[in-house]
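Same order as they appear, the protein sequences are chains A and B.
Quick note on full-length UniProt numbering: the first sequence kicks off at 1 and runs consecutively.
Quick note on full-length UniProt numbering: the second sequence kicks off at 1 and runs consecutively.
Following: one structure in structure tokens, then a few remarks.
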Amino acid sequence: MTAAVLEVPSEPLLDKRPDRRLKRQNRLAWIARHSIAIVLVIMFLTPVVYLVLLSLMTSNQALTSDYWPNTWHPENYVKVFQSTPLPRYLLNTVLYAVTSTVLTLASSIPAAYALAKLKFRGQNALFLLIICVMMLPPQVVTVPLYLMWARYHLTGSLWPLIIPALFGDAFCIFLLRQFLLTIPSEYLDAARVDGCGEWRTLLRVVLPMAKPGIAAAGLFQFFFCWNDYYGPLLYTSENEKAWTLTLGLASFRTVHHVDWNLVTAATVLAMAPLIIIFFFAQRAFVQGITLTGFKG
Amino acid sequence: MTAVRLRRNLTILSFLAPALIGIAVFFVYPLISAVYFSLTKFDLLSVPEWVGLDNYKRMADDPFLLQSVRNTLWMVVVFVPARIIGAIGLSMLLTNLRRGAGFFRTVFYLPALVPPVAATIAFVYLLKPGTGPVNHFLEKIGIDGPLWFNSPAWAKPSLVLLGLWAIGDLMVIFLAAVLGVPESLYEAASLDGANAWHRFKSITLPSIRPVILFAAVTGVIYTLQYFDQAAVAGSIASGQATTGAGISQSFGYPEGSTFTYPLWLYTVGFRYNALGYANALAIALFVVAFIVTLILLRRAKAFSGEES
């Protein structure tokens, strides 16, 4: 398999040679590559398709090894809203993801701008510090932060997840800085010559040009919050009213058993928004991921 | 002159203020407290009592710690390379597909969007020993499928499969790197008669080496904090089936095989309430993570460099 995967296509130069054997080989390689790709597509899609099928079964059939619903039950998606705390979880998740994203962007953009486009003492040190923060496993500071929030009686709520967004996010700053570096400084200089202060330069000139970068950073933050599990587990698990989707997903049970059809319906609902957003914002997304990479 | 400079510094400070406060309150302060707490003994209800290095000594004979370190090391050694090799393989495949590359790229990327908790639930269900479709399928072609998440030997490999499925973000990074290799290099090599494997080994691989380093370092950091999937897999596979409060009871299922370092840290801190010891574990984690980060920072020029 690896050999076929690593096959590099014939270069145009070689194509010009009227060598028939080579041509046949190339066609075989072409077929091999596409076959592998198609098998991989099936493997990548199966879990999601299976999940969707499961969510349309009766709760009894979901316990069997069937993968095709005997009878279709799209009403599971209504049921999961009516008979489980899902609406509450969903509301909490949206609340967390939206406020955190907006606040994080607002607090991170100025810092990213200063790091990318202004000169000041300790600039490099600060950037390295931000990389350190970014790389820090959250578990390292978990206990002291938990105690800090507990002191202010804010555990058991979403506040410990939202308040930090007011003070920038290392990854967001990093990503935005990388993007802002790609904006030519001449535009900024022109604005400054026209008498704009730094804040006005940022708001009037840089912001409109940085839209793709801001979109990418915003998407990442939104997705991070939406998927976040460790944070909500740490701070909200003691109060079910503050649970997010990730915490509540597997908790739909009757007295006798877990309603897997409802669990999977909720799971599908948890990932659907992300996939929809992705299809609308694919370009910003891919560009953003590329920005996080190493510039070699 | 000084007034102008003061004003300029104040302006810069106004840009940086939120981030500086954030770093102080959510990084520096808790890090320093963690060092202090790691030298004390206390729980949620008591006051920290100074015990010196006792917590660190305790780490020497903590069988659960040993197990969790082993599990995390296993993940570092297997999970990280598997994901890097997988991502390089996929991006090579994608760059060589003439038809439908966009479609394939989107499909390979999609799983990376699925919330880890949801993906884990799906995988545990997919790989269920008795009723899961994967073992069902394997049975049909004459293979006796393993117990996957219910087997101490297969639980971690199952997590690797899950990680490979959600490989999209890493793949995109490698794809950009592979596409960035100048076409002229390949052409020259083709003239020299190099075959595909040769061209990959002597041109592609050296060109994307910085990206591999980046992926290795961030991969190790990611593995050091690997929590969600291990926690949820243990809970769902054990039949406890919750992702909310009380999940820590099924941490490590089966037989501690998915007990990663962060799970043990969480258990010590929030289940046993041994907060002093938990902070010692946290500091140990910090030291390791910091050393790994230093490898990247030594390359900080490439990392922070202006657009090339």
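Cβ atoms here follow ideal geometry from the backbone N, Cα and C, with glycine treated the same way.
(message) Any beta carbon from chain B within less than 8 Å of Ala191(A)'s own beta carbon?
(response) no
(message) At the level of alpha carbons, what is the spacing between Tyr146(A) and Trp197(B)?
(response) 52 Å
(request) State the Cα-Cα distance for the pair Thr218(B) and Thr99(A), rounded to the nearest angstrom. (result) 27 Å
(request) Would you kindly work out how many angstroms separate the C-alpha atoms of Gly246(B) and Ala231(B), rounded to a whole number? (result) 11 Å
(request) Take Leu285(B) as the anchor and find which of Leu207(A), Leu234(A) and Gln139(A) has the nearest alpha-carbon. (result) Gln139(A)
(request) Please name the residue or residues paired with Lys41(B) in a DSSP beta bridge. (result) Glu49(B)
(request) Output, in chain order, the set of chain B residues within a Cβ distance shorter than 7 Å of Pro164(A). (result) Gly22 and Phe26
(request) Give, in chain order, every unbroken run of the alpha helix (DSSP H) that is at least 4 residues long and sits entirely within the region 79-139 of chain B. (result) 80-95, 101-109 and 116-126
(message) Does the structure place the region 252-262 of chain B close enough to the region 7-23 of chain B that three or more beta carbon pairs sit under 8 Å?
(response) no
(message) Distance cutoff 8 Å, beta carbons only. Does Arg33(A) sit that close to anything in chain B?
(response) yes
(request) Check the Cβ-Cβ distances between Trp74(B) and every residue of chain A, and say whether any is below 8 Å. (result) no
(message) Quick check: is the beta carbon of Asn96(B) nearer than 8 Å to any beta carbon in chain A?
(response) yes
(request) Determine the extent of the alpha helix (DSSP H) in which Thr290(A) is found, giving its start and end residues. (result) Gln282 to Thr292
(request) If I'm right that Gln221(A) touches Asp169(A) with Cβ under 8 Å, what's the distance once you round it to whole angstroms? (result) 7 Å
(message) Mapping the DSSP letters down to three states, classify Leu281(B) as helix, strand or coil.
(response) helix
(request) Keeping to the same chain, check which residues put their C-beta closer than 6 Å to that of Ser157(A); ignore five residues upstream and five downstream. (result) Ala242
(message) How far does the alpha helix (DSSP H) with Tyr96(A) in it extend, from its first residue to its last?
(response) Leu86 to Lys117
(message) Between Cys132(A) and chain B, is any beta-carbon pair separated by less than 8 Å?
(response) yes
(request) Apply the 10 Å Cβ neighbour rule to Phe285(A) and answer buried if 16 or more other Cβ atoms are within range, or exposed otherwise. (result) buried
(request) Please say whether Leu54(A) and Ala116(A) have beta carbons closer to each other than 8 Å? (result) no
(request) On a CA-only basis, which of His73(A), Phe167(A), Thr58(A) and Thr290(A) is nearest Phe214(B)? Give me that one, please. (result) Thr290(A)
(request) Taking only beta-carbon positions, decide if Tyr229(A) is within less than 8 Å of chain B. (result) yes
(request) Starting from the beta carbon of Asp169(B), find every residue of chain A whose beta carbon is closer than 7 Å, and list them in chain order. (result) Ile289
(request) Kindly list the residues whose CB is nearer than 8 Å to the CB of Ala34(B), restricted to its own chain and excluding five residues on each side of it in sequence; keep chain order. (result) Asn279, Ala282, Ile283 and Phe286
(message) Residues of chain A with CB closer than 7 Å to the CB of Gln225(B), please, in chain order.
(response) Pro137, Pro138 and Gln139
(request) Return the CA-CA distance between Arg298(B) and Phe171(A), expressed in angstroms with no decimal places. (result) 19 Å
(message) Can you find the residues in the same chain that come closer than 7 Å, C-beta to C-beta, to Val178(B), ignoring five residues on each side of it along the sequence?
(response) Ser91, Met92, Thr95, Thr204 and Ile208
(message) Please tell me whether Pro262(B) and Tyr222(B) are closer than 8 Å, where the distance is taken between their beta carbons.
(response) no
(request) Would you tell me roughly how many angstroms separate the C-alpha atoms of Leu247(A) and Thr264(A), rounded to the nearest one? (result) 14 Å
(request) Compare the C-beta of Gly168(A) with all C-beta atoms of chain B and state if any pair is closer than 8 Å. (result) yes
(request) Anything in chain B within Cβ reach of Met57(A), meaning under 7 Å, just list it in chain order. (result) Here the premise fails: no neighbours, minimum Cβ distance about 12 Å.
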